[in-house]
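For reference, the structure is listed below as structure tokens.
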Amino acid sequence: MQQFQISLPSYSRGFHIISDVVLSQIPNLPQTGLLHLFIQHTSAGICINENADPSVLADLNAWFAKNVKENEPYYQHTFEGPDDMPAHIKTILTGCEITIPITNGRLNLGTWQGIYLGEFRNHGGSRNIIATVYS
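Quick note on my numbering: the sequence shown kicks off at 3 and runs consecutively.
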């Protein structure tokens, strides 16, 4: 087992495909195994979804904005700004960890799958992901 800390640059609010960024910070994958990724934040999520058509990113951003709104009158956690409590809710919906099989030294993702970062703050800053490689 090996473990690495992956540092992501600051991203704008929304969904971003980060597969290449993640892989660039992991030296070598074993022939077979698992890659577990855990994002160390409560206002950003990680998931797997379509990596071919950019309209998927736009549609996901639109759905999240419509269904998890800012400035709801029932929010009590408001001192970090109007985007903070919705960011926590969105993180629960996307999750904070994923596991991907490794086959023949490569991530065994489906043809159209990529690793997504969901950045749910207006100014979230850099993010850290703990990558654990099991062989």
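A virtual CB, placed ideally from N, CA and C, is assigned to each residue, including glycine.
All values derive from a computational prediction rather than experimental measurement.
- Fully enclosed alpha helix (DSSP H) runs of no fewer than 4 residues occupy 86-96 of the stretch 73-129, in order along the chain.
- Judged by beta-carbon spacing, residue 11 lies within the 8 Å limit of residue 128, meaning their Cβ atoms are closer than that value.
- By the Cβ neighbour-count rule, residue 43 is buried, with 16 or more other Cβ atoms within 10 Å of its own.
- In this structure residue 3 is exposed. Its beta-carbon is surrounded by fewer than 16 other beta-carbon atoms within 10 angstroms.
- For the 8 Å CB-CB criterion, residue 39 and residue 104 do not form a contact.
- Ranked by Cα distance from residue 31, the options 106, 51, 112 are led by 106.
- Residue 113 and residue 75 have their C-alpha atoms roughly 43 Å apart.
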